[in-house]
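J.: A single structure is presented below for examination.
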Amino acid sequence: MAEITLTEAIFESLGMKRASMDKILVKLEQNVSFNYYPTCEKSNLEHTVGLRGHTDPSIITMLLSDEVPGLEIFQNGEWILFKPLPNTLSVNVGDILQALSNGGYKSLLHRVAASSDTERLSIVSNCYPSKDTQIGPPKELIDDDHPAIYKDFNYKELYDSMWKQRHHDSTRLDPFKVCAD
């Protein structure tokens with residue numbers, strides 16, 4: 001699977017030891033979804049979002065979309081339209097990778113915008129651990145200069161918390177922080 005190779009490379013870039021990687025990768029799961037976003041009347045466009053702002057509860061998310069823009073990224077207090085390059089995959093950091101990297105990688109707050117001109121198609125592949133997998137920054141990433149930001153939790157706890165929060169915004173990891181900001 002492409003996700004495993006990419007995930008392993010990301011873990012290696014963090015300095016994770018093989019044993020720490022294997023605890024996550026041994027029960028890796030994948031979800032693939034095919035999304036169709038029809039055009040929207042201009043009168044409703046301002047109030048219509050294909051998928052509201054959220055982060056992904058995954059390690060990584062790979063996105064293959066047609067060349068029609070629709071993904072928006074929240075940056076510096078505003079939504080920025082992401083323009084996909086032809087014949088490319090986009091890779092988003094998910095909440096799990098943010099926790100595993102001790103905040104070194106940030107989960108991307110994004111949404112899907114509706115278009116009045118063009119239909120949009122996308123294929124999304126989410127890579128995530130099994131529900132009983134323990135998640136938290138590995139010991140090799142923690143020291144006096146880099147204390148743990150997140151406590152250990154399992155994927156089921158994150159998943160349950162996500163639905164309590166109504167599956168949106170960038171605060172999904174807040175319940176798992178060692179201490180509040």
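Going by the UniProt record's numbering, the first residue of the sequence shown is number 1, and it counts up by one from there.
For each residue, glycine too, the CB sits at the ideal point set by N, CA and C.
Predicted, not measured: the structure shown is a model, and the values here were computed from it.
1) Decide yes or no for the touch test of the stretch 91 to 99 against the stretch 26 to 38: beta carbon pairs closer than 8 Å, at least 3 of them.
2) For the beta strand (DSSP E) that contains L63, what are its first and last residues?
3) Counting only runs of 3+ residues fully inside the UniProt domain "Fe2OG dioxygenase" (27 to 129), write out the beta strand (DSSP E) ranges in chain order.
4) What residue does the alpha helix (DSSP H) around R18 start on, and which one ends it?
5) Start and end of the alpha helix (DSSP H) containing L158?
6) Tell whether a beta-carbon distance below 8 Å holds between Y155 and P129.
7) Could you compute how far the alpha carbon of E41 sits from the alpha carbon of P69?
8) For R172, count neighbouring C-beta atoms within 10 Å of its own C-beta (all shown protein chains included) and say buried if the count is 16 or more, exposed if not.
9) State buried or exposed for L85, treating a residue as buried only when at least 16 other CB atoms are found within 10 Å of its CB.
10) With H64 and S20 assumed to form a contact (beta carbons below 8 Å), what rounded beta-carbon distance in angstroms separates them?
11) For D143, which beta-bridge partners are listed by DSSP?
12) So, V112 versus A148, is the Cβ gap smaller than 8 Å?
13) Pick from K151, N126, D174 and D145: whose alpha carbon is nearest that of Q134?
T.: So, from the listed chains and residues:
1) no
2) I60 to S65
3) 28 to 37, 49 to 54, 60 to 65, 71 to 75, 78 to 81, 90 to 93, 110 to 113 and 120 to 129
4) R18 to L25
5) Y155 to K164
6) yes
7) 17 Å
8) buried
9) exposed
10) Just to set this straight, residue 64 is Leu in the shown sequence, not His. Contact flag wrong, Cβ pair sits at about 30 Å.
11) H146
12) no
13) K151
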